[in-house]
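Participant: Start counting at 1 in the sequence shown, then tack on 1275, and there's your number in my numbering.
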Amino acid sequence: MLISSVSSGKLARKLALDKEIYCKGLFLSARWFIVSQCAVNGTNLIILPDKESAEYCASDFYSLVEGDVVFFLPDSGKGVEKSNYKSTLGVQRTSAVGKIISNSGNSSRLFIVTYPEALEELVPVIGDIVQSVMKVSVGQEISYDSIKEKLSEQGFEKVDFVSAPGQYSIRGSIIDIFSYSFNDPFRISFFGNEVEKIHVFDCNTQLSKEERTDIEIFPDLAGKEGTSNGQSILSLLADMVGLF
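1) Contact defined as beta carbons within less than 8 Å: I believe Thr1488 pairs with Ser1383. What is the distance between those atoms, to the nearest angstrom?
2) Using the DSSP secondary-structure output, state which residues sit across from Val1411 in a beta bridge.
3) For a test of the three-state rule: what should DSSP assign to Leu1320, helix, strand or coil?
4) Please classify Leu1518: is it buried, with 16 or more other beta-carbons within 10 angstroms of its beta-carbon, or exposed?
5) Closest to Ser1427 by CA distance: which of Val1366, His1474 and Asp1495 is it?
6) When the Cα of Ala1393 is compared with those of Gly1365, Lys1484 and Ile1404, which residue comes out closest?
7) Note down the Cα distance separating Phe1306 from Ser1328, rounded to an integer number of angstroms.
8) Run through DSSP, which three-state label would Gly1505 get?
9) With Glu1424 as the anchor, note down where its alpha helix (DSSP H) starts and where it stops.
10) Alpha carbon to alpha carbon, how far is Thr1480 from Ile1417?
11) What does the alpha-carbon distance come out to for the pair Ile1463 and Ile1452?
12) Look at the alpha carbon of Val1315 and the alpha carbon of Val1344, and state the distance between them as a whole number of angstroms.
Structure representation (structure tokens):
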């Protein structure tokens, strides 16, 4: 399928002037070809009628757009019993919300794909989210006790070996933490109270996948929803980036 760059360029310029544009004659993945070419910087919210349609859309975008800029925002699975599937929903939802906040200045290209049921569920207010995130960087001075206290406050479970989001383990000078915002756990190596190294690792093989200089550890934002001071995703987007 070929889509004229001239045509998509015209549409992009039109979008810059008019806030509401209706396109017809586009079916299936052709819609997302157009959006991927016209959307440049900023947070782009794509709402599909149901979860299945949103999953197919996100899958198309993963192959159309380079880089880690496409995030699927599902509902929290409140009606689902605790399972690996529910943990996956929590990771996807938390990752999407975290990315919206980190792109508050519209400095990066970001696509959030979702559906009405997921938008209806509340998330914590921005201030609560920011306070709940633990940031760790190489060279930082931080004690084990403060990390353990923070993780316990956010509902993380101490285990022998991490295998799912929301778990952490301590072995000598190493702390493994499985954040809700990432598909693999982090391994933090200490020299005294100083963070010496940070790695992303495979919890099945225990082998390192990549080295990081800094990380953000998110609690389960889905588990914090429904509180009296919560807000909708649309409200969060309006506060952070402004909808268009």
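We put the beta carbon where it would ideally sit given N, CA and C, even for glycine.
From a predicted model like this one, the values you see are computed outputs, not experimental measurements.
Facilitator: In short:
1) That pair is no contact at about 19 Å.
2) Ile1490
3) strand
4) Below a pLDDT of 50, predicted positions are generally treated as unreliable, and Leu1518, at 42, falls in that range; no measurement from the model is reported.
5) Asp1495
6) Gly1365
7) It should be noted that the sequence gives Arg, not Phe, for residue 1306. Looking at the two C-alpha atoms, the distance is approximately 13 Å.
8) strand
9) Tyr1419 to Glu1428
10) 28 Å
11) 8 Å
12) Distance between the alpha carbons of Val1315 and Val1344 is about 11 Å.
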